[in-house]
Each structure stands twice: as structure tokens, then as C-alpha cells.
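Asker: Residues 1 to 193 (the UniProt record's numbering) are what the sequence shown spells out, left to right.
Backbone N, C-alpha and C define an ideal beta-carbon position, used for all residues, glycine too.
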Amino acid sequence: MERGLSATTVGRMVDAWMLDVPGERVLVRELAPADEAPLIRLFEESEDWFLAATGLPPAPGDVQSLYYGLPEGARPDGKVLLVLERDGVVAGVVDAVRDHPEPGAVAVGLFLLAPWCRGRGLGHFLARSLLARAGDPPLVTATVPPGWRAGERFLERLGFRLDQESGPGGANRRSGPREGEMRRAVLRRGGGL
């Protein structure tokens with residue numbers, strides 16, 4: 001068995017694995033009920049992203065919306081919620097949907113790292129690992145708040161193409177009163193990474 005893998009799987013995802021990041025102990029695992037308080041802390045630390053994405057600071061309901069927020073037409077059983085732990089501390093969260101917007105594709109709704117983890121290559125390690133574990137899907141979609149340059153650059157370095165125009169975020173959740181449209185990013189496999 002590959003280093004860091006357990007025998008339990010959910011769909012095509014493994015419930016936990018270690019990322020091979022030099023000098024760091026980084027674990028990726030499925031979201032658990034005990035993660036609510038650490039996720040609230042992560043969201044509070046990441047207020048910059050929430051302000052850019054919604055115009056509002058994070059609220060406890062944002063953690064709860066991870067469980068039910070789905071893009072229109074997505075199947076609930078395709079939802080994947082993962083947390084990233086760095087040295088035992090929740091440092092990131094990924095919300096994705098398999099087989100959306102088409103069979104074999106992956107739609108990433110949220111890919112968020114704590115500010116103290118950004119800019120060190122950890123996001124790139126995580127993204128590459130997730131793509132490999134998802135079977136190198138032929139299509140991956142993501143969104144980024146317009147003007148969030150760090151997120152735009154991150155997606156571009158991974159090989160995503162950013163739409164010029166912003167569009168609606170698309171999740172079936174209540175939007176913030178000042179929430180703007182998101183920029184869509186598309187990665188068609190056969191190029192990129």
C-alpha cells in the first residue's frame with residue numbers, strides 16, 4: 001500500500017493520506033464533526049478571503065454550509081470535504097464535487113489555506129495530490145473572487161484558464177448581501193500540471 005494511505009475509500013477518494021512536503025508533517029483527511037471549531041478558527045484567520053469573496057467576514061454558518069452547498073445539478077453523493085492538517089493543526093479545507101459539471105469532471109467549490117500556510121508551495125502540493133487521487137479528471141472547474149490576485153496566480157500556475165468575465169458562484173446556499181460574482185477557472189487535462 002502506498003505510504004500514508006488507509007484501506008478505507010469513499011468513491012475514488014482515500015479517507016486520509018500524508019503529503020510529501022519537505023520538512024513538514026501534512027495530513028489530508030475527510031472532514032469530521034470534531035472539525036467544526038478548528039474550521040471556524042481557519043475561517044476567522046482567512047477573513048481576507050471571505051471579504052474578497054462575499055464582502056462579509058466569516059460566520060459560523062459558513063462551516064455548516066460546506067455540508068449542503070452544491071452547484072446546481074450536482075449530486076449530493078459526489079460531494080467531497082477534506083481538511084489539511086499541518087503539524088496537527090487544521091490549516092486548510094477543500095470542498096469539491098465529483099462528476100460535475102459532467103461525468104468524470106471535478107468542480108472545486110472552495111480551496112482555502114490559512115494565511116500562515118500560503119505562499120510556500122503547500123497549495124500546489126495539495127492540488128497535485130488531489131488531482132492524482134481523483135484519477136486525473138479530464139475537466140476541473142474552480143472559482144476565484146475577481147481581483148483576488150493570489151488565487152488567480154495560483155490557478156494559472158496549475159494550468160487553469162481564467163474566464164475574462166465574472167459569473168455567479170452557483171452553489172445552492174444563501175449568498176451574502178454584498179456577495180459578488182466569481183471568476184470561473186477551467187483546467188482541461190492533457191495540458192497543465
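Have a look at P138 and L84 and give me their C-alpha separation to the nearest angstrom.
Answerer: Between P138 and L84, the C-alpha separation is close to 24 Å.
Asker: Looking at the unbroken alpha helix (DSSP H) that takes in A127, where does it start and where does it end?
Answerer: That run of the alpha helix (DSSP H) goes L122 to R133.
Asker: Hey, quick one: how far does the alpha helix (DSSP H) through W49 stretch, first residue to last?
Answerer: Run containing W49: E47 to T54, per the alpha helix (DSSP H) assignment.
Asker: Might you give, ordered along the chain, the residues of its own chain that have their beta carbon closer than 6 Å to the beta carbon of L42, omitting 5 neighbours on each side?
Answerer: Contacts found: V90 and A114.
Asker: Quick one, which of L131, D35 and F160 has its alpha-carbon nearest P60's?
Answerer: Looking at the Cα atoms, D35 is the closest of the given residues.
Asker: Going by the DSSP bridge assignment, what does D15 pair with across the sheet?
Answerer: In DSSP, D15 forms no bridge with anything.
Asker: Compare the Cα-Cα distances from V21 to each of P33, L82, V97 and G121 and report the closest residue.
Answerer: Checking every option, the nearest Cα to that of V21 belongs to G121.
Asker: Quick one: Cα of R188 to Cα of G123, how far?
Answerer: About 19 Å.
Asker: In angstroms with no decimal places, state the Cα-to-Cα distance between R184 and G104.
Answerer: The alpha-carbon atoms of R184 and G104 are separated by roughly 18 Å.
Asker: What number of angstroms, rounded off, separates the C-alpha of G55 from the C-alpha of R153?
Answerer: Answer to the nearest angstrom: the Cα atoms are 21 Å apart.
Asker: At 4 residues or longer, what runs of the alpha helix (DSSP H) sit wholly inside the stretch 52 to 129?
Answerer: Counting only runs of 4 or more, we get 60 to 68.
Asker: Please classify D48 as buried or exposed, where buried requires at least 16 other C-beta atoms within 10 Å of its C-beta.
Answerer: Exposed is the call here.
Asker: Three-state secondary structure (DSSP) at D35?
Answerer: Note: D35 maps to helix in three-state DSSP.
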